[in-house]
Amino acid sequence: MNHEPLTPPNDQGAVNGDLLAGRLVRLTAFNPEADAVLIAGWSRDTEYHRLGDDGWAYPQSVKQVRERLERHSDRSFGFAIRTLSDDRLIGDIGVWIESWVHREGWVGIGIGERGYWGNGYGTDAMRLVLRFAFAELNLQRVSLGVYAYNPRAQRSYEKAGFRHEGVVRGDCHRDGRHWDSVFMGILRDEWLAMIDDQ
Amino acid sequence: MDSNLFCGQLVRLSAINPATDAEAFARWEVDSEYMRQLDSGPHLPHPIKKIKEGIEKEQQEDPNTVAFSVRTLADDKLIGFVAFDGINWQHGDTFVAIGIGDPAYRGNGYGTDAMCVMLRYGFMELNLQRIQLDAFSYNERAIKSYLKAGFVLEGQQRGTLLRNGRRWDFVYMGVLREEWLAMHNEP
Numbered sequence: 048m049n050h051e052p053l054t055p056p057n058d059q060g061a062v063n064g065d066l067l068a069g070r071l072v073r074l075t076a077f078n079p080e081a082d083a084v085l086i087a088g089w090s091r092d093t094e095y096h097r098l099g100d101d102g103w104a105y106p107q108s109v110k111q112v113r114e115r116l117e118r119h120s121d122r123s124f125g126f127a128i129r130t131l132s133d134d135r136l137i138g139d140i141g142v143w144i145e146s147w148v149h150r151e152g153w154v155g156i157g158i159g160e161r162g163y164w165g166n167g168y169g170t171d172a173m174r175l176v177l178r179f180a181f182a183e184l185n186l187q188r189v190s191l192g193v194y195a196y197n198p199r200a201q202r203s204y205e206k207a208g209f210r211h212e213g214v215v216r217g218d219c220h221r222d223g224r225h226w227d228s229v230f231m232g233i234l235r236d237e238w239l240a241m242i243d244d245q
Numbered sequence: 126m127d128s129n130l131f132c133g134q135l136v137r138l139s140a141i142n143p144a145t146d147a148e149a150f151a152r153w154e155v156d157s158e159y160m161r162q163l164d165s166g167p168h169l170p171h172p173i174k175k176i177k178e179g180i181e182k183e184q185q186e187d188p189n190t191v192a193f194s195v196r197t198l199a200d201d202k203l204i205g206f207v208a209f210d211g212i213n214w215q216h217g218d219t220f221v222a223i224g225i226g227d228p229a230y231r232g233n234g235y236g237t238d239a240m241c242v243m244l245r246y247g248f249m250e251l252n253l254q255r256i257q258l259d260a261f262s263y264n265e266r267a268i269k270s271y272l273k274a275g276f277v278l279e280g281q282q283r284g285t286l287l288r289n290g291r292r293w294d295f296v297y298m299g300v301l302r303e304e305w306l307a308m309h310n311e312p
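Heads up: the sequence lines are chains A and B, in that order.
When we follow the working numbering, the leftmost residue of the first sequence carries the number 48, and every step to the right adds one.
When we follow the working numbering, the leftmost residue of the second sequence carries the number 126, and every step to the right adds one.
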């Protein structure tokens with residue numbers, strides 16, 4: 048009987064390696080008490096908010112953030128993104144299981160600390176969460192949505208292995224202009240081929 | 126893709142209606158033979174109210190259980206239940222449990238038919254990789270039924286159960302997706 052190999056065929060995904068440590072960052076649990084203060088601070092930054100969310104920018108209190116971090120769901124796998132060099136919290140990332148039957152997950156990421164934008168930290172975190180999604184959760188497909196006014200994120204997602212799949216035209220209205228929602232995705236086979244090449 | 130996944134040759138799988146089905150579930154539990162074949166714990170029948178509340182809670186809160194009542198195709202009579210419980214979605218495996226509560230329908234292929242429908246549902250609708258169960262070595266009729274449905278004997282945990290002064294084994298059985306697909310000529 049032919050089984051798919053249980054592990055991706057190189058050390059990137061070896062069963063006994065640390066799935067959640069990359070080149071620049073590692074994915075860890077939240078420490079709700081301490082982390083909520085920093086994350087609530089990021090919510091004061093409207094540009095940060097608009098890059099990641101279609102809702103209206105609105106600051107969140109430390110209490111609201113802490114309660115969100117403390118909520119658990121068996122379909123949601125959320126991580127704090129911390130630097131390898133000094134264990135500093137710089138962002139958050141998570142996989143939401145859209146369907147276990149079809150094995151599809153959606154990812155969302157935000158780098159809240161502006162000093163870490165545009166330097167590969169987000170891409171590194173996204174690569175880790177894809178490894179978690181495919182090698183640990185055994186998903187078949189990972190999807191995301193991003194706004195047309197965020198080309199930096201789109202480039203990062205492409206580097207991590209996502210492909211453009213389509214747009215919903217003009218469904219986001221910011222500062223008097225309408226922008227497209229861009230949908231991107233990566234299939235298990237594409238991910239396996241990609242890590243094989245590395 | 127066209128046939129009704131819920132229907133077999135003799136039975137269909139239907140939703141469990143806690144309001145109307147709990148009475149039958151409670152009636153079956155009074156039968157110690159049924160309970161000893163179903164469960165290794167001490168035989169203790171539950172009141173209707175408790176059973177009803179248990180079903181309601183499971184339906185509302187447990188995404189890792191998929192349970193059906195088993196009804197005859199001939200006259201829609203409620204004769205048993207079948208359930209996946211403890212579905213592990215990450216690895217795609219689950220336990221399955223079945224009970225034919227109405228003694229008149231035991232030993233006549235109804236349970237085997239219900240299990241076959243449940244396996245098809247598990248592999249073709251839930252896309253599972255593996256379905257497993259444990260049976261008790263004194264329940265030879267069930268083991269024969271599971272073999273007919275496609276399960277393979279995987280191992281025995283010896284002498285785990287003490288019933289009527291004798292030791293009996295836990296019998297582990299399982300069926301893999303590839304085995305089931307080959308058995309049913311599915312791609």
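Ideal Cβ positions, reconstructed from N, Cα and C, are used throughout, including at glycine.
Closest option to ALA229/B, judged by alpha-carbon separation, among TRP214/B, GLY166/B, MET240/B and THR197/B: THR197/B. Secondary structure at GLN257/B: strand, using DSSP grouped into helix, strand and coil.
When the Cα atoms are used, ALA151/B and PHE248/B turn out to be separated by approximately 30 Å. Rounded to whole angstroms, the gap between the alpha carbons of ILE180/B and PRO143/B is 6 Å. Separation of the CB atoms of ILE128/A and LEU177/A is rounded to 14 Å, and the pair is thereby denied contact status at 8 Å.
Using a Cβ-Cβ cut-off of 7 Å, GLN215/B is close to LEU184 and ASN185 of chain A, given in chain order. Counting C-beta pairs with one atom in each stretch, the stretch 216-236 of chain B and the stretch 167-185 of chain B have fewer than three that are closer than 8 Å, which means they do not touch. For the 8 Å CB-CB criterion, ILE156/A and ILE137/A do not form a contact.
Excluding sequence positions up to five before and after GLY280/B, its CB lies within less than 6 Å of the CB of TYR297, all in the same chain and listed in chain order. Neighbours of ASP82/A across chain B, judged by C-beta separation under 9 Å, do not exist; the nearest C-beta is about 26 Å away. It is roughly 17 Å from the alpha-carbon of GLY99/A to the alpha-carbon of ARG115/A. For PRO143/B, there are no neighbours in chain A by C-beta distance under 9 Å, as the nearest C-beta there is about 23 Å away. Contact between the stretch 234-244 of chain B and the stretch 204-215 of chain B is present: three or more C-beta pairs spanning the two stretches fall below 8 Å. As summarised for the stretch 173-231 of chain B, the continuous alpha helix (DSSP H) elements at least 4 residues long and confined to that stretch are 173-186, given in chain order. Non-local C-beta neighbours of GLY69/A in its own chain, meaning closer than 8 Å and more than five positions away in sequence, comprise LEU131, ASP171, ALA172, ARG174 and LEU175, ordered along the chain. Chain-order list of chain A residues neighbouring ASN233/B: empty, with the shortest C-beta distance near 33 Å, by a criterion of under 9 Å. The C-beta distance from TYR263/B to ARG288/B rounds to 6 Å, short enough to meet the 8 Å contact threshold.
Put simply, of GLU265/B, SER128/B and SER194/B the residue whose alpha carbon is nearest the alpha carbon of ARG137/B is SER194/B. Within the stretch 233-260 of chain B, LEU251 and ASN252 place their CB atoms closer than 7 Å to a CB of chain A, listed in sequence order. DSSP links TRP153/A through a beta bridge to TRP143/A and SER190/A. Rounded to the nearest whole angstrom, the CA to CA distance from VAL142/A to GLY152/A is 6 Å.
In its chain, beyond the 5 residues on either side, PHE295 and TYR297 have a beta carbon closer than 6 Å to the beta carbon of ASP259/B. HIS309/B sits in coil when the DSSP states are folded into three classes, being neither helix nor strand. In this structure, the alpha-carbon of GLY167/A lies about 19 Å from that of TYR196/A. Restricting attention to alpha helix (DSSP H) runs no shorter than 4 residues, the stretch 216-244 of chain A encloses them at 235-244, ordered along the chain. If you draw a straight line from the Cα of LEU191/A to the Cα of PHE209/A, it is about 9 Å long. Counting C-beta pairs closer than 8 Å gives three or more between the stretch 249-256 of chain B and the stretch 302-311 of chain B, which meets the contact rule.
The C-beta of VAL148/A comes closer than 8 Å to at least one C-beta of chain B. Under DSSP, ALA68/A shares a beta bridge with ARG73/A. Taking 8 Å as the cut-off, the Cβ atoms of THR237/B and LYS202/B do not count as close. Under a 10 Å Cβ-count criterion, SER120/A is classified as exposed, with fewer than 16 other Cβ atoms of the shown protein chains found around its own Cβ. In the three-state reduction of the DSSP assignment, ILE86/A falls in the helix class. CA-to-CA, the gap between GLY232/A and GLY217/A works out to about 20 Å.
Across the structure, LEU85/A and SER228/A are spaced so that their CA atoms are roughly 28 Å apart.
If you look at ILE268/B, you'll find it in the alpha helix (DSSP H) that goes 265-274. Residues ARG188 of the same chain have their beta carbon placed closer than 6 Å to that of LEU234/A, with the five preceding and five following residues left out of the count.
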